[in-house]
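So the sequences go chain by chain: P and G.
So that you can map any letter, position 192 of the first sequence is 192 in the numbering used here, and since no number is skipped, the others follow by simple counting.
So that you can map any letter, position 130 of the second sequence is 130 in the numbering used here, and since no number is skipped, the others follow by simple counting.
Since the structure comes first, as C-alpha cells, the remarks are kept for the end.
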Amino acid sequence: MSKLYLKKGVVLLTFIVFCLVSVNAQSNFILKGVLMLDNKLVKNATVLVSENSKFVDSTKTSITGKFNVTLKTQKEYVLIFKKKGLPVKKILISTKLDKEKSNGITTKPIIFSLNSTKITTSGQTGGYEAAFAINENGSFTKNNTNFSPAVKDAENNELKKEEEITAKKEEFKEIVEDLNPDTQAEINLIYNQALQKIDSLVLLTREESVLIINTAKLKSAEIISNAYLEIPDIVEPDESIVSSNSKDDLKKIGIKDKGFYERDDIKKYRKTITSLELNVNKSKKDSIVFLESMVMFKEEMVKSAKLQLALDKMNVRSREDSVELQHRQVMIYLVEQEIEEAKNKIAIQQMEIKNKNLMLMFSIAGLLFFVILFVVVYQNYRLKQKTNARLEAKNEEIAKKSKKIIDSITYAKTIQQAILPIKTNIDKYFESFIIFQPKDIVSGDFYWFTHFKETNTSIFAVVDCTGHGVPGAFMSMIGNRLLVEVVNERKITDPAEILEGVDQRLHVALMQDETMNNDGMDMCICKIKHQENGQSEIEFAGAKRPLFYTDNNEIGYIKGTVRGIGGRARLRKKTIKAFESHTIHLKKGENLYLTTDGFLDLQSPKRRKYGRQNFMELLNNNLGKSIDEQQSSIVNALDIHKGNELQIDDITILGVKI
Amino acid sequence: MENLYIEGELGNYYIPTVDFNVETGVCTISGKSYLEDTTQFYLPLLEWLDKYFIEVNKPVEFNVKLNYYNTSSSRSVLDIFDLLKLYEEKGGQVEVNWYCRDIDVEVVQEEVDDYMEESDLDINIIPFTD
C-alpha cells in the first residue's frame with residue numbers, strides 16, 4: 001500500500017496522530033498527539049476540540065508538533081487543525097465504550113495518511129479526514145475509514161471481477177447445457193472441482209493478502225509512532241535547553257556505544273552541566289559555561305549519532321529500518337537546532353557581559369576621571385587660594401616695608417634738604433638759580449655755599465658723589481661735613497687746597513687705604529671775592545668737574561683736574577696729580593655755572609648724551625637773560641632732551657650772577 | 001684658567017656684558033654699566049686680568065663698548081686701565097680700544113682723553129656707524 005503511494009509520487013499531507021490514553025476515575029483522559037506535514041513537524045498549529053458543535057478545548061502544537069487535549073469517555077469529538085497556509089483538517093474521535101474501564105488504557109500507535117489533494121467528501125466520515133473510535137481494549141482504532149482512493153479502487157476491482165466471474169459462470173452453464181449428458185456430467189464434475197479449487201484459492205489469497213497488508217501497516221505505524229513518541233519535548237526555547245543527561249537520550253538519537261558517557265570529555269561536560277544547572281538563571285558567567293558545556297556535549301552526541309547513522313544506513317534491510325533512520329535524522333537535526341540556539345544564546349550572553357563590562361569600565365573610568373579632575377581642580381583651587389593669600393600677605397608686607405622705607409627715605413630727604421644751603425641765604429649775596437633733580441628721593445649730588453663776611457668772600461661748590469639714592473646721600477653727608485671741616489673750621493679757602501683737604505680726609509674717613517672702598521666724589525668749587533674796582537676775582541678748582549662762565553657775551557670753560565676725590569686710584573699712583581686752581585676776573589653781571597655730570601651725560605631716547613658742546617651753546621643762547629629765564633630755559637632743554645627716557649643720574653646745576 | 005663671561009642685563013640696574021677670552025687675549029666689556037655695587041661687580045674682572053697677566057702673560061686686547069657708565073663705573077674702568085698700564089710697564093703688550101658711534105666721537109673723545117691722562121695709557125677710539 002505504502003509503496004503504491006510513493007510510486008504515484010503524490011504529495012502527502014500526513015497527520016499522524018498517536019494516542020496515549022489514560023482514563024481516570026472520572027472518565028477523563030488526556031489525548032496526546034503529534035501533527036506532521038510531509039515528514040516535517042507542524043509546529044504552532046491551532047488544535048480545536050469540539051463536542052456536539054461546542055468548543056471544549058483548544059491548544060497549540062509545540063515545535064515538535066506535539067499537542068495534548070483532555071477528553072471524556074462516552075463522547076464524540078471533532079479535532080480541528082488550523083494553520084496559516086494549510087488546509088483546515090478535521091478528525092472525528094469517538095470515545096464510546098460498551099463498558100467503562102477503570103484502569104489505564106494503553107493504545108497502539110495509529111497511522112493515518114491523507115492525500116492533501118483529496119477533496120473531503122461527505123458520507124460515512126461526514127466531511128472528516130478520518131474517524132477514530134476507542135475499542136473494548138481501550139485502544140483507538142481506525143473506524144470505517146475511506147481514506148484512500150487506491151483502497152476504493154481495489155475494492156471496486158474485486159467486485160467487478162466477481163461479477164465477471166458470475167457472468168462467465170452463466171455463460172459456461174449455457175454452453176454445458178447444449179452438450180450431451182455424459183459429457184455434461186463429466187464437464188460439470190471437472191467444473192465443480194475447479195470452481196471449488198478456485199474459490200478456495202481466491203479465498204485463501206484474499207485472506208492472506210489482507211493479513212499481510214494489515215500486518216505491514218500495523219508494523220510500520222508502530223515503528224513510526226514509536227519514533228515520534230520519543231522525540232524530545234522542546235516546549236519553549238527559553239526554558240532550559242533539554243538536559244540530555246539520561247541514558248535514554250542516547251537511544252533516541254541512535255548512539256549504540258554504551259561507553260559514550262564513560263568518555264573523559266563527556267564526563268567533564270556532564271559534571272559541569274550538573275554543577276551549574278542551578279546557577280543558570282543567577283549568574284551570566286555560569287550560564288555561559290553551562291551552555292558551552294552543553295553545546296560541546298551535544299556536538300559530541302551529534303558526531304557520534306551521525307557516525308552511527310552512517311554505519312546503520314549501510315545495513316538497511318527493511319523499510320522499517322529506513323523509517324527508523326529517517327526519524328533518527330530528524331532527531332539529530334533537532335539536536336543540531338538546539339546547539340545552534342544555545343550558541344546564539346551564548347553569543348548574546350557574551351555580548352551582554354561584554355557590553356556590561358564595557359559599560360562598567362566606562363563608568364569606572366568616567367568616575368575616576370571626574371574624581372581626579374575634581375581633586376586636581378580642588379587642589380589647584382586650594383593652592384591658588386593659599387598662594388593668593390600668601391601673595392596678598394607678601395604684597396601687604398612688601399607694601400608695608402616699601403612704605404616704611406619710602407617714609408624713612410622721605411624723612412632722610414628732609415635731613416638732606418636741611419644740610420643744603422638755604423636759597424634765601426645765597427640770595428643775600430647773589431642772584432642765583434639752583435636746578436636740583438635727584439634721580440631718587442635722596443640725592444648723591446649736593447651743593448654747598450659759605451660766605452666770609454670779614455673778607456667778603458663766598459665759596460660755592462657742586463658735588464657729585466659716587467652712587468645714587470641712599471648710598472649717594474650718605475656720601476653727600478660725608479662730603480658736606482668734610483667741606484665744613486676744611487673750609488669753615490680749618491679756614492682753608494683756596495679751592496685746590498680745599499679739594500686736597502677733602503680728599504685726604506675722605507680717605508681717612510672711609511679707611512680707603514685699608515679697605516677695598518672705591519667711593520668718592522667729583523667736585524667743582526669756586527671762590528668769589530668782590531674787588532673794589534667792581535670786578536670779582538674767581539678762583540676755581542675742579543676734581544673732574546669743569547667751570548662754565550660768561551665773559552663779555554662769550555661762554556668760558558675751564559676743565560678741572562683729571563683726578564677724583566677719594567677712591568683707590570691714588571694708592572697705585574707713583575705721583576698724584578695736584579689739584580689746580582684757576583683764577584679769572586669777571587665784571588659784575590657775568591654768570592658762573594657749576595654742574596655735576598647728570599645733565600651733560602643725560603641720554604636722549606636715541607642714546608645721545610647732551611654733551612658739553614650743546615650745553616655751552618645753550619648757555620650762549622641764554623646770554624643777557626635774567627637768572628630766572630636762564631633757569632627755565634635750561635630746565636626746558638633738559639626735559640626736551642630727556643623725552644620719555646628715564647633719568648638715571650642725579651642732576652644739579654647751580655647758576656650764579658656776580 | 002677659564003674664560004670670563006657675564007651676560008649683560010637691563011633692569012633696575014644695568015649690568016654690562018663681559019667677555020674675557022684666555023685663548024685670544026681679547027677682553028671686551030659692552031653695554032651699560034650702572035650697578036648697585038659697582039666695586040663688587042668689577043672685582044672679578046680685575047682678578048681675572050691679574051691672573052691672566054701672571055699665568056698667561058700674553059698680549060691683551062681690551063675693548064670698551066660701553067655707551068653709558070655712571071661715576072662709580074667710571075672709577076672701576078679706570079681701575080682696569082691702571083692695571084693694564086701696570087702690565088704694560090712690566091713688559092706686557094696692551095692694546096686698548098674704545099668703541100663709540102661716529103656721532104658720539106666728540107663727546108667720547110673728551111672722556112677718553114681724561115682716561116688717558118689719568119691712566120697714562122694709550123686708548124684708541126674706534127668709531128662705528130650705528
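The C-beta atom is built at its ideal place from N, Cα and C for all residues, glycine as well.
G:TYR14 is classed as buried because its beta carbon has at least 16 other beta carbons within 10 Å across all chains shown. With a cutoff of 8 Å on beta-carbon distance, G:VAL22 and G:ILE6 are scored as not near each other. Between the alpha carbons of P:LYS428 and P:PRO546 lies a gap of roughly 26 Å.
Counting of Cβ neighbours within 10 angstroms places G:TYR87 among the buried residues, the total reaching 16 or more. Residue contact check for P:ARG481 against chain G: no CB pair falls below 8 Å.
When secondary structure is reduced to three states using DSSP, G:MET116 falls in the helix class. A straight-line Cα-Cα distance of about 30 Å links P:THR414 and P:GLU500. With contacts defined as CB atoms closer than 8 Å, P:ASP519 and P:ALA543 fail to qualify as a contacting pair. Counting along the chain, P:ALA412 sits inside the alpha helix (DSSP H) bounded by residues 319-419.
The beta carbon of P:GLN184 sits closer than 7 Å to those of VAL176, all from its chain and outside the five residues before and after it, given in chain order. Inside the region 409-479 of chain P, DSSP marks whole alpha helix (DSSP H) runs of 4 or more residues at positions 423-427, from first to last along the chain. A residue is called buried when at least 16 other Cβ atoms come within 10 angstroms of its Cβ; P:LYS54 does not meet this threshold and is exposed.
Counting only runs of 4+ residues, the alpha helix (DSSP H) found wholly inside the region 525-613 of chain P occupies 569-572, 597-600, in chain order.
A residue is called buried once 16 or more other Cβ atoms fall within 10 Å of its Cβ, and P:PRO495 is buried on that count.
Proximity of P:GLY564 to chain G, defined by a Cβ-Cβ separation below 8 Å, is satisfied. Out of P:ILE658, P:THR596, P:ASN517, P:THR166, the CA that lies nearest to the CA of P:THR652 is found in P:THR596. For P:PHE260, there is no enclosing alpha helix (DSSP H), since its DSSP letter is neither H nor E. When G:CYS100, G:TRP98, G:ASP114, G:ARG75 are compared, the shortest CA-CA separation from G:TYR34 is found for G:ARG75. By the CB criterion at 8 Å, P:THR450 and P:VAL502 fall outside the cutoff. In this structure P:ALA347 is exposed. Its beta-carbon is surrounded by fewer than 16 other beta-carbon atoms within 10 angstroms. For P:ASP286, the enclosing alpha helix (DSSP H) has its first and last residue at 284-314. At least 8 Å separates the beta-carbon of P:TYR557 from that of P:LEU586. DSSP places G:TYR42 in the uninterrupted alpha helix (DSSP H) bounded by 38-55.
Three or more beta-carbon pairs separated by less than 8 Å are not found between the region 280-297 of chain P and the region 325-334 of chain P, which leaves the two stretches without contact. Sequence-distant partners of G:GLY8 (beyond 5 residues in either direction) whose C-beta falls short of 6 Å from its own C-beta, in its chain, are ILE15, PRO16, THR17, GLY31. When Cβ pairs closer than 8 Å are counted between the two stretches, the region 103-121 of chain G is seen to touch the region 603-613 of chain P, the count reaching three or more. Close CB contacts of P:SER58 within its chain, under the 8 Å cut and outside five residues either way in sequence, are with THR46, VAL47, LEU48, VAL49 (chain order). Assignment of beta-bridge partners to P:MET36 by DSSP yields P:LEU41. Chain-order list of chain P residues neighbouring G:GLU106: GLY611, GLN613, by C-beta distance under 8 Å. Around the Cβ of P:THR583, a 10 Å sphere holds fewer than 16 other Cβ atoms; the residue is exposed.
Around the C-beta of P:GLU489, fewer than 16 other C-beta atoms lie within 10 Å, and the residue is accordingly described as exposed.
Judged by beta-carbon spacing, P:PHE433 lies beyond the 8 Å limit of P:ILE555, meaning their Cβ atoms are not closer than that value. DSSP lists P:GLU51 as the beta-bridge partner residues of P:LYS54. The three-state secondary structure of G:ARG101, taken from DSSP, is strand.
Beta-bridge partners of P:ASP522 (DSSP): P:ASP464. Short of 7 Å from the beta carbon of P:ASP551, and not among the five residues preceding or following it, lie these beta carbons of its own chain, in chain order: LEU586, GLU590.
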